[in-house]
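Peer 1: Shown below is the structure under consideration.
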Amino acid sequence: MGLVKRIEALQFLGRIIQEKQEWLHKAVELAYYKNRWFTIENSWQSLESIATHFLSKQILEQWTNSYKINPLKESKKIGLVLAGNIPLVGFHDILCVFISGNTALIKLSS
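Numbering (the working numbering), first residue to last: 1 to 110.
And the structure:
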(Lines of atoms letter the chains of each structure in order from A and count residues from 1; the text may use other names and numbers.)
(Lines give C-alpha, C1' and ligand atoms only; values in the text may rest on other atoms or scores of the structure.)
Protein backbone atom coordinates (compact mmCIF):
# COMPACT_ATOMS: atom_id res chain seq x y z
CA MET A 1 0.00 0.00 0.00
CA GLY A 2 1.45 3.34 -1.02
CA LEU A 3 1.66 6.49 1.08
CA VAL A 4 -1.40 8.07 -0.53
CA LYS A 5 -3.51 5.01 0.31
CA ARG A 6 -2.17 4.91 3.88
CA ILE A 7 -3.11 8.58 4.33
CA GLU A 8 -6.59 7.86 2.92
CA ALA A 9 -7.00 4.93 5.33
CA LEU A 10 -5.99 7.08 8.31
CA GLN A 11 -8.29 9.87 7.20
CA PHE A 12 -11.11 7.31 7.02
CA LEU A 13 -10.27 6.14 10.55
CA GLY A 14 -10.52 9.76 11.72
CA ARG A 15 -14.00 10.04 10.22
CA ILE A 16 -15.08 6.81 11.89
CA ILE A 17 -13.90 8.07 15.27
CA GLN A 18 -15.70 11.38 14.82
CA GLU A 19 -18.96 9.61 13.91
CA LYS A 20 -18.97 7.90 17.33
CA GLN A 21 -20.86 4.88 16.11
CA GLU A 22 -22.51 2.48 18.55
CA TRP A 23 -19.80 -0.19 18.23
CA LEU A 24 -17.18 2.39 19.22
CA HIS A 25 -19.20 3.35 22.31
CA LYS A 26 -19.28 -0.34 23.24
CA ALA A 27 -15.51 -0.66 22.71
CA VAL A 28 -14.87 2.34 24.98
CA GLU A 29 -17.14 0.87 27.65
CA LEU A 30 -15.45 -2.54 27.37
CA ALA A 31 -12.03 -0.92 27.77
CA TYR A 32 -13.27 0.73 30.97
CA TYR A 33 -14.63 -2.54 32.37
CA LYS A 34 -11.38 -4.35 31.62
CA ASN A 35 -9.17 -1.53 32.93
CA ARG A 36 -10.70 1.02 35.31
CA TRP A 37 -7.83 3.42 34.55
CA PHE A 38 -9.40 3.85 31.11
CA THR A 39 -12.30 6.04 32.13
CA ILE A 40 -14.93 6.57 29.48
CA GLU A 41 -14.26 10.32 29.49
CA ASN A 42 -10.50 9.87 29.05
CA SER A 43 -10.96 7.32 26.28
CA TRP A 44 -13.24 9.67 24.34
CA GLN A 45 -10.86 12.56 24.92
CA SER A 46 -8.00 10.46 23.54
CA LEU A 47 -10.03 9.35 20.52
CA GLU A 48 -11.19 12.87 19.71
CA SER A 49 -7.66 14.24 20.09
CA ILE A 50 -6.27 11.56 17.77
CA ALA A 51 -8.97 12.21 15.16
CA THR A 52 -8.43 15.98 15.32
CA HIS A 53 -4.65 16.24 15.63
CA PHE A 54 -3.36 13.16 13.79
CA LEU A 55 -5.88 11.92 11.25
CA SER A 56 -6.75 14.79 8.94
CA LYS A 57 -5.44 14.65 5.39
CA GLN A 58 -3.80 18.08 5.69
CA ILE A 59 -1.94 17.20 8.89
CA LEU A 60 -0.82 13.81 7.58
CA GLU A 61 0.41 15.26 4.28
CA GLN A 62 2.22 18.13 6.00
CA TRP A 63 3.89 15.67 8.38
CA THR A 64 4.93 13.14 5.74
CA ASN A 65 6.19 15.83 3.36
CA SER A 66 8.94 16.49 5.92
CA TYR A 67 10.36 13.01 5.30
CA LYS A 68 11.55 10.96 2.37
CA ILE A 69 9.44 7.80 2.45
CA ASN A 70 10.74 5.33 -0.10
CA PRO A 71 7.74 3.60 -1.72
CA LEU A 72 9.89 0.81 -3.15
CA LYS A 73 11.62 -0.34 0.02
CA GLU A 74 10.83 -3.65 1.62
CA SER A 75 8.55 -3.44 4.64
CA LYS A 76 10.20 -4.09 8.01
CA LYS A 77 8.64 -5.55 11.12
CA ILE A 78 8.91 -3.06 13.99
CA GLY A 79 8.41 -4.28 17.55
CA LEU A 80 6.42 -2.05 19.88
CA VAL A 81 5.71 -2.49 23.58
CA LEU A 82 2.77 -0.24 24.38
CA ALA A 83 2.13 1.17 27.83
CA GLY A 84 -1.25 0.39 29.32
CA ASN A 85 -1.86 3.20 31.78
CA ILE A 86 -3.38 5.84 29.48
CA PRO A 87 -6.02 5.20 26.81
CA LEU A 88 -4.47 4.97 23.34
CA VAL A 89 -1.05 6.10 24.59
CA GLY A 90 0.68 3.94 21.97
CA PHE A 91 -1.33 5.22 19.01
CA HIS A 92 1.41 7.60 17.81
CA ASP A 93 3.93 4.76 17.78
CA ILE A 94 1.59 2.60 15.70
CA LEU A 95 0.87 5.56 13.42
CA CYS A 96 4.59 6.14 12.77
CA VAL A 97 5.17 2.51 11.86
CA PHE A 98 2.10 2.38 9.60
CA ILE A 99 2.69 5.69 7.80
CA SER A 100 6.28 4.66 7.04
CA GLY A 101 5.02 1.54 5.27
CA ASN A 102 6.22 -0.93 7.90
CA THR A 103 4.42 -3.55 9.97
CA ALA A 104 3.95 -3.14 13.73
CA LEU A 105 4.38 -6.16 15.96
CA ILE A 106 2.64 -5.08 19.15
CA LYS A 107 2.95 -6.35 22.69
CA LEU A 108 0.65 -4.80 25.23
CA SER A 109 2.12 -4.14 28.66
CA SER A 110 0.75 -6.28 31.43
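Each residue gets a CB set at the ideal place from its N, CA and C atoms; glycine is no exception.
Can you tell me whether DSSP reads residue 79 as helix, strand or coil?
Peer 2: Three-state DSSP puts residue 79 in a strand.
Peer 1: Report yes if the C-beta distance between residue 94 and residue 104 is below 7 Å; otherwise report no.
Peer 2: Yes; because the gap between Cβ atoms is below 7 Å, this pair is in contact.
Peer 1: If we call anything under 7 Å between Cβ atoms a contact, is residue 51 one with residue 18?
Peer 2: Their beta carbons are under 7 Å apart, which means residue 51 touches residue 18 by this criterion.
Peer 1: Less than 7 Å between the beta carbons of residue 33 and residue 40, yes or no?
Peer 2: No.
Peer 1: Can you find the residues in the same chain that come closer than 8 Å, C-beta to C-beta, to residue 6, ignoring five residues on each side of it along the sequence?
Peer 2: Within the same chain, residue 6 has close Cβ partners 98, 99, 101.
Peer 1: Excluding the 5 residues flanking residue 42 on each side, which residues of the same chain have their C-beta closer than 6 Å to its C-beta?
Peer 2: The residues are 87.
Peer 1: Could you name each continuous alpha helix (DSSP H) segment of 4 residues or more that falls completely within the region 11–63, going from the start of the chain to the end?
Peer 2: Entirely contained in the region 11–63, the alpha helix (DSSP H) runs reaching 4 residues are, in chain order, 22–34, 40–53.
Peer 1: Taking DSSP's pairing of strands, which residues face residue 108 in a bridge?
Peer 2: The partner list for residue 108 (beta bridge, DSSP) reads 82.
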